[in-house]
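Scroll down for the structure; my scribbles are underneath it.
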Amino acid sequence: MSAQQHFETAPEDKISLSKKLIYGLGAFVNNILAAAMGGMVVVLNLGLGMNPALVGLVSALPRLTDAITDPLMGYISDHTKSKWGRRRPYIFFGAIAAGVLFALLWQFPRGYSEEFYFWFFLIGSIIFLLGHTLFATPWVALGYELTPDYHERTRLMAVQNAMGYVAYLVAPWFVWFMQLDSFDDIIDGAGWLAIIIAAFTVTVGVLPALLLKERFIVPPAGQPMPDSISDPNDKSIKGAIKGFFKGFIVTLKFKPFLYLCAATFLVFNGFQLVASFQIYVIIYYVFGGDQSMGAEYFGWAGTVMAGTTFAVIFFVSWLSTKVGKKRAFYYATAVSMVGYSLKWFFYHPDYPWLVLVPAPFMAFGLGALFTLMGSMIADVCDMDELNTHERREGMYGSIFWWVVKLGMAVALAGGGILLNYTGFDVKLGGAQSEQTIYLMRIFDAFIPTLCSGIAIWMVYKYPITEKKALEIREELERRRQAT
1 MSAQQHFETA PEDKISLSKK LIYGLGAFVN NILAAAMGGM VVVLNLGLGM
51 NPALVGLVSA LPRLTDAITD PLMGYISDHT KSKWGRRRPY IFFGAIAAGV
101 LFALLWQFPR GYSEEFYFWF FLIGSIIFLL GHTLFATPWV ALGYELTPDY
151 HERTRLMAVQ NAMGYVAYLV APWFVWFMQL DSFDDIIDGA GWLAIIIAAF
201 TVTVGVLPAL LLKERFIVPP AGQPMPDSIS DPNDKSIKGA IKGFFKGFIV
251 TLKFKPFLYL CAATFLVFNG FQLVASFQIY VIIYYVFGGD QSMGAEYFGW
301 AGTVMAGTTF AVIFFVSWLS TKVGKKRAFY YATAVSMVGY SLKWFFYHPD
351 YPWLVLVPAP FMAFGLGALF TLMGSMIADV CDMDELNTHE RREGMYGSIF
401 WWVVKLGMAV ALAGGGILLN YTGFDVKLGG AQSEQTIYLM RIFDAFIPTL
451 CSGIAIWMVY KYPITEKKAL EIREELERRR QAT
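According to this note's numbering, the sequence shown holds residues 1 to 483 in order.
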């Protein structure tokens, strides 16, 4: 196969558009919950007066528990045997649990101390994330196994990524919604918004469990192989614990997977850092402390970015079939770096509408990231099966998305620390010092630019090409036919 030639997708490997859309509904639920956790958390500062550093800390700490709960859920899902499959039961009940717990999390009692609200939100977030993990980890794993085809995987991830970004068309308006005159205050607005999101999570989140079928109902290896990670005949608790930790370590040592995790952490961490930070730049630099106007323009910028992402997702999906997944990532990430840098020039108090200009360029970063990474990790799962004789989509998906969550946690915590470092004081309103504004703008524009540049280098080291992926698939199919 030459550099310009590519393999065609066989008809039996294609996924119907309706099934892609159904799977994509899970992405919308997953993203709306994640975006809400990141966007609504400003109520702790703007509504309850919590110190920005504490807001960042209380947002970050619950993610540390995911380091255990996500891989554990992945392991449980990988090794579940039921007539409903390995993934679907958890997706169904997880959607219900996540919705109910999210609604409860944002019902703040009035008149308590900063310390009380810190612990209230910390404990509530940990409990909510347990329900979210029950839903999200098996849903991610289901996507990795729906098709064995190199390019169809990218097309599936393009559809689910596009549907997931519908959430980001809505999420930038959360702060504006919480401040509507129909609510008593931003705290009351957050409580009602959480109930609306929760109802949607429950009703839509269960659909992938009800309407999709799994490709692997049980783990494909019926007997332990010489180099397999776990012994399927060992049903003891000790055997399960041993299998979990051995599989966890093997996953963390697999270099192709680590390159993808590192790149994702850098790109997503850089984006999330400014996502929690740039609203302060818009409010206090572009609009001189006017929260209402700042929130409105922040919403418009987010909507433009999310809208552009739809085109980017399908463009990158097409581009990857022409130049490969790695080069498609290089090109798209480089464009996003231009967008981040443009914020230094186009965020200007005399021309507030210019805040919309960088948004389409920045859209290339995340638009490419979650379209290509999901597809590439599915390829990693095939290489892992070649090495370990096990299908471990749950373990890989859980660790990958924990890295995403860790990036969000680092960004939320880092955003609060950086905001304090700039000398920002919410009590000063629009009278922030010149030094504060200068540092806010520097961090907002150039930290994600640097992170994205390093991510390109990490993907450069990723070894699985289209030809290599096909060779792995052919060997796996020969092995399965022989057993």
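Ideal Cβ positions, reconstructed from N, Cα and C, are used throughout, including at glycine.
What you are looking at is a predicted structure, and each value in this text was computed from that prediction instead of being measured.
- Leaving aside the five residues that flank V312 on each side, the residues in its chain whose CB is nearer than 8 Å to its CB run, in chain order, A332, A363, F364, G367, A368.
- Here N31 is buried: its Cβ has 16 or more other Cβ atoms, across all protein chains shown, within 10 Å.
- Annotation: Y168 to N161 spans about 11 Å, alpha carbon to alpha carbon.
- Each of W176, D149, L419 was checked against the Cα of V55, and the nearest Cα belongs to L419.
- The beta carbon of D188 is closer than 6 Å to none in its chain, skipping five residues each way along the sequence.
- In this structure the region 383-390 does not lie against the region 54-73, because fewer than three pairs of beta carbons, one per stretch, are closer than 8 Å.
- The beta-carbon distance between M157 and G374, rounded to whole angstroms, is 4 Å. This is short enough to meet the 8 Å contact definition.
- Counting only the Cα atoms, S452 lies some 19 Å from F345.
- Rounded to the nearest angstrom, the gap between the Cα atoms of A328 and K242 is 39 Å.
- Selection P11, I196, L470 evaluated against V380 yields L470 as nearest (Cα-Cα).
- Taking all protein chains shown into account, Y112 has fewer than 16 neighbouring C-beta atoms within 10 Å of its C-beta and is therefore exposed.
- For L354, there is no enclosing alpha helix (DSSP H), since its DSSP letter is neither H nor E.
- Rounded to whole angstroms, the gap between the alpha carbons of A60 and A263 is 20 Å.
- Separation of K326 and A194 (C-alpha to C-alpha, rounded to the nearest whole angstrom) is 38 Å.
- Contact check for T449 and M337: beta-carbon distance about 5 Å, within the 8 Å limit, so the pair qualifies.
- The Cβ atoms of A53 and W106 lie no closer than 8 Å to each other.
- In the structure shown, D379 falls within a helical segment according to DSSP collapsed to helix, strand and coil.
- Excluding five sequence positions before and after L212, the CB atoms of its chain that fall closer than 8 Å to its own CB belong to K19, I22, Y23, R88, L142, L146, given in chain order.
- Rounded to whole angstroms, D184 and M305 show a C-alpha spacing of 31 Å.
- Proximity to I456 across F277, F268, F400 peaks at F268, based on C-alpha coordinates.
- Assigned with DSSP and collapsed to three states, P463 falls in coil, not helix or strand.
- Distances from the CA of L258 to each of L25, P463, D350, T154 were compared; the closest alpha carbon is that of P463.
- The region 122-177 is shown to contain whole alpha helix (DSSP H) runs of 4 or more residues at 150-170, in chain order.
- Given a length threshold of 4 residues, the region 285-319 has no whole run of the alpha helix (DSSP H) inside it.
- Residue state for F424 is assigned as coil, using DSSP reduced to three classes.
- Between the C-alpha atoms of Q272 and V404 there is a straight-line separation of about 10 Å.
- Pairwise C-beta distances place the region 285-296 in contact with the region 423-440, as three or more of them are shorter than 8 Å.
- In this structure, DSSP gives S113 a state outside helix and strand, which the three-state scheme calls coil.
- Between A295 and W176, the gap from beta carbon to beta carbon is short of 8 Å.
- Distances from the CA of M383 to each of M50, S82, A103, E474 were compared; the closest alpha carbon is that of E474.
- With 16 or more other CB atoms across the displayed protein chains lying within 10 angstroms of its CB, H151 is buried.
- Distance check between M40 and each of L354, C261, W173, G423 places W173 closest, using alpha-carbon atoms only.
- Rounded to the nearest whole angstrom, the CA to CA distance from P358 to W84 is 46 Å.
- Of the residues assessed, H79 falls on the buried side of the cut-off, its CB having 16 or more other CB atoms within 10 angstroms.
- Within the model, the alpha-carbon separation for I123 versus I15 is close to 41 Å.
- Judged by their CB atoms, G74 and G397 are nearer to each other than the 8 Å cut-off.
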